[in-house]
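**Q** Below you'll find the structure I mean.
Numbering (our numbering), first residue to last: 42 to 441.
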């Protein structure tokens, strides 16, 4: 009897996860979009880039930041374990920081940058080396800061769609931009953070960066710093805004090997943050805090391939043991999820390359399953995904 109740509870949980994006989409579409605009003095932003071993890949990003339609900012490039002798880019708004000792983590690079700011900045914008910034990104972040937000996530979009893996990775980014960032923010909660292309008020950023969960002892699995950062921001009673107009171009994985390495790290981070996500949900429930409640749900939300495979397995068990009262609701929820998934891709204006690559979803999922099996073997490894595509912001904008 107890096992039956547990099985029913598991079905209910997965039914909820399947229909949650649909109802979030519905609530967001019914909400009124708040207008943000320029007012007052422009905020002073510090753009921090964390380079590791490969310095050359950062040049297009630095150049795109120096072309911003904005004036009050400075770019800091932390060159960890990089050879800097061939770097020849000089600009009054740019500083190359070369740590004397290896830092070996993105968190340490961020802390190093904060300790070497030329002046007190009001906001910190975090960038990955493979990113490119649309000319209006900082201007849009400034508008949200003027509207009272202390944390804003921009919209990351694929800069490469030339392989099936890159297209499916880009498809996932599009979906999460809409389902877990835009919709959550529109319905009064917080956007999740993507790991780069986000602006955070400096004092808040420093406070969260000192959280014990940011530090990893040798041999321990690493929780991605963006997961800890977003939890820290919401725990402090702040909302994370999302601006789809602030476009950040991001390099997508283009091979099975890259998918496995990247996803094994992401999956490890997901499972480690489950206790914090559950705690956030309970805090939201007991304090009637809408932001914490739904943000906790969004961070607990399982990776799509785990959701799909687990739901299919539950459907099979429901059918095998003839549980129509469970089978039918789960099947309907699965259909709602599938239709909503494609509706979101349509609303997000997914490019034709992504639609043409849908057949490759099983291939991508198989790589994610292998990544799941590699989590323990990857324990303690936080090496970033290798980036190798050098393309300028002008080249990308000319194709739009």
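Just so you know, even glycine gets a beta-carbon here, dropped at the ideal spot from N, CA and C.
Can you tell me where the alpha helix (DSSP H) with residue 88 in it begins and where it stops?
**A** Here residue 88 refers to the residue found at position 47 when the chain shown is read from its first residue. From DSSP, residue 88 is part of no alpha helix (DSSP H) but of the beta strand (DSSP E) over 86 to 93.
**Q** Give me the residue from 135, 139, 405 and 103 with the minimum Cα distance to residue 126.
**A** Looking up residue 126 in the chain shown gives position 85. The residue with the shortest Cα to Cα distance from residue 126 is 139.
**Q** Between which two residues does the alpha helix (DSSP H) harbouring residue 406 extend?
**A** The residue labelled residue 406 in the question sits at position 365 within the chain shown. Per DSSP, residue 406 belongs to the alpha helix (DSSP H) from 402 to 414.
**Q** From this set, 391, 404 and 375, which residue's C-alpha is nearest residue 60's C-alpha?
**A** Position 19 of the chain shown holds residue 60. Per the Cα distances, 375.
**Q** What did DSSP end up calling residue 432 once you bin it into helix, strand or coil?
**A** Reading the chain shown from its first residue, position 391 is the one you call residue 432. DSSP places residue 432 in coil when its eight states are reduced to three.
**Q** For chain D, check one thing: does any of its Cβ atoms lie closer than 7 angstroms to the Cβ of residue 188?
**A** No chain D appears in this structure, which consists of one protein chain only.
**Q** From the DSSP output, in three-state form, read off residue 242 for me.
**A** As a position in the chain shown, residue 242 is number 201, starting the count at 1. Correct three-state label for residue 242: strand.
**Q** Let me know the secondary structure DSSP gives residue 286 once reduced to three states.
**A** Here the question's residue 286 lines up with position 245 in the chain shown. Three-state DSSP puts residue 286 in a strand.
**Q** Considering only their Cβ atoms, is the gap separating residue 416 from residue 309 smaller than 7 angstroms?
**A** Here residue 309 refers to the residue found at position 268 when the chain shown is read from its first residue. Here residue 416 refers to the residue found at position 375 when the chain shown is read from its first residue. Contact flag set, yes.
**Q** What is the DSSP secondary structure of residue 81, counted as helix, strand or coil?
**A** Counting from one through the chain shown, the residue named residue 81 turns up at place 40. It is coil, neither helix nor strand.
**Q** Heavy atom of the ligand HEM less than 6 angstroms from the Cβ of residue 61, yes or no?
**A** Absence of the ligand HEM from the depicted structure is noted, as is the absence of any ligand whatsoever, leaving it without description.
**Q** Taking DSSP's pairing of strands, which residues face residue 115 in a bridge?
**A** The residue given as residue 115 occupies position 74 in the chain shown. Residue 115 pairs with 87.
**Q** Any idea which residues DSSP pairs residue 135 with across the strands?
**A** Your numbering for residue 135 matches position 94 in the chain shown. In the DSSP output, where bridge partners are listed per residue, residue 135 has 116.
**Q** In chain order, what residues of the same chain have a beta carbon less than 6 angstroms from the beta carbon of residue 389, not counting five sequence neighbours either side?
**A** On the chain shown, position 348 is the one that residue 389 refers to. The residues are 215 and 219.
**Q** Could you spell out where the beta strand (DSSP E) holding residue 50 opens and where it closes?
**A** Indexing the chain shown from 1 puts residue 50 at position 9. First-last for residue 50: 43 to 71, but that is the alpha helix (DSSP H), not the beta strand (DSSP E).
**Q** Please return the same chain residues whose Cβ sits closer than 7 angstroms to the Cβ of residue 209, not counting the five positions on each side in sequence.
**A** Start at 1 with the first residue of the chain shown, and residue 209 comes out as number 168. Counting only Cβ-Cβ distances below 7 angstroms, and skipping sequence neighbours, we find 398, 401, 402 and 405.
**Q** Closer than 8 angstroms is the cut-off here; do at least three beta carbon pairs connect the region 126 to 137 with the region 60 to 73?
**A** Because the criterion of three Cβ pairs below 8 angstroms is not met, the region 126 to 137 and the region 60 to 73 do not touch.
**Q** Would you decide whether residue 238 is buried or exposed? Buried here means 16 or more other CB atoms lie within 10 Å of its CB.
**A** On the chain shown, residue 238 is found 197 positions in, with the first residue counted as 1. Flag for residue 238 reads buried.
**Q** What's the gap between the Cα of residue 345 and the Cα of residue 320?
**A** Numbered from its first residue, the chain shown carries residue 345 at position 304. Numbered from its first residue, the chain shown carries residue 320 at position 279. Each residue's alpha carbon lies about 22 angstroms from the other.
**Q** Between 391, 349, 393 and 170, which lies nearest to residue 377 when the distance is taken from Cα to Cα?
**A** Taking the chain shown and counting its residues from 1, one reaches residue 377 at position 336. If we check each option's Cα against that of residue 377, 349 comes out closest.
**Q** Could you tell me the distance, in whole angstroms, from the CA atom of residue 88 to the CA atom of residue 119?
**A** If you number the chain shown from 1, residue 88 lands on position 47. If you number the chain shown from 1, residue 119 lands on position 78. Going by the C-alpha atoms only, they are around 11 angstroms apart.
**Q** When burial is assigned at 16 or more other CB atoms within 10 Å of the CB, is residue 354 buried or exposed?
**A** Position 313 of the chain shown, counted from the start, is the residue given in the question as residue 354. Residue 354 comes out exposed.
**Q** Between 361, 291, 356 and 379, which has its C-alpha nearest residue 371's C-alpha?
**A** Locating residue 371 in the chain shown gives position 330, where the first residue counts as 1. Of the candidates 361, 291, 356 and 379, the one whose C-alpha sits nearest the C-alpha of residue 371 is 356.
**Q** Specify, as a first and last residue, the run of the beta strand (DSSP E) that residue 229 falls within.
**A** Stepping through the chain shown from its first residue, residue 229 is reached at position 188. Here residue 229 belongs to no beta strand (DSSP E), and DSSP marks it neither H nor E.
**Q** Just to confirm, are residue 111 and residue 196 a CB contact at a threshold of 7 angstroms?
**A** Position 70 of the chain shown, counted from the first residue, corresponds to residue 111. Position 155 of the chain shown, counted from the first residue, corresponds to residue 196. It is not a contact, given that the beta carbons lie outside the stated cut-off.
**Q** Let me check understanding here. Comparing Cα to Cα, which of 302, 366, 202 and 391 lies closest to residue 48?
**A** The residue given as residue 48 occupies position 7 in the chain shown. Comparing Cα positions, the closest option is 366.
**Q** Expressed to the nearest angstrom, what Euclidean distance is found between the alpha-carbon atoms of residue 259 and residue 232?
**A** Residue numbering aside, residue 259 sits at position 218 when the chain shown is read from its first letter. Residue numbering aside, residue 232 sits at position 191 when the chain shown is read from its first letter. Only weak support is given to the placement of residue 259: the predicted model assigns it a pLDDT of 47, under 50, and the question is left unresolved by the model.
**Q** Would the region 91 to 108 and the region 431 to 438 be scored as touching if the rule is three or more Cβ pairs under 8 angstroms?
**A** Yes: at least three Cβ pairs fall under 8 angstroms.
**Q** Just verifying my parser: in three-state terms, what is the DSSP assignment at residue 127?
**A** For the purposes of this step, residue 127 is taken as the residue at position 86 of the chain shown. Correct three-state label for residue 127: coil.
**Q** Output the distance between the C-alpha atoms of residue 200 and residue 318, rounded to the nearest integer angstrom.
**A** Position 159 of the chain shown, counted from the first residue, corresponds to residue 200. Position 277 of the chain shown, counted from the first residue, corresponds to residue 318. One C-alpha to the other measures close to 31 angstroms.
**Q** If you follow the alpha helix (DSSP H) that residue 306 is part of, which residue opens it and which one closes it?
**A** The residue given as residue 306 occupies position 265 in the chain shown. Per DSSP, residue 306 belongs to the alpha helix (DSSP H) from 297 to 328.
**Q** With a Cβ-Cβ cutoff of 7 angstroms, do residue 154 and residue 93 count as a contact?
**A** On the chain shown, residue 154 is found 113 positions in, with the first residue counted as 1. On the chain shown, residue 93 is found 52 positions in, with the first residue counted as 1. No, the pair does not count as a contact, with Cβ atoms beyond the cut-off.
**Q** Between residue 223 and residue 160, what straight-line distance do the alpha-carbon atoms span, to the nearest angstrom?
**A** Residue numbering aside, residue 223 sits at position 182 when the chain shown is read from its first letter. Residue numbering aside, residue 160 sits at position 119 when the chain shown is read from its first letter. Distance between the alpha carbons of residue 223 and residue 160: 33 angstroms.
**Q** If contacts are defined as beta-carbon pairs under 8 angstroms, then residue 75 and residue 191 qualify, I think. What distance do you get, rounded to the angstrom?
**A** The sequence position of residue 75 within the chain shown is 34, counting from 1. The sequence position of residue 191 within the chain shown is 150, counting from 1. Not really, about 16 angstroms apart at Cβ, beyond 8 angstroms.
**Q** For residue 42, does the count of other Cβ atoms within 10 angstroms reach 16, so buried, or fall short, so exposed?
**A** In the chain shown, the residue the question calls residue 42 occupies position 1. Counting Cβ neighbours within 10 Å, residue 42 comes out exposed, since fewer than 16 surround it.
**Q** Mind checking who residue 121 pairs with in its DSSP beta bridge?
**A** As a working mapping, residue 121 is identified with position 80 in the chain shown. The partner list for residue 121 (beta bridge, DSSP) reads 93.
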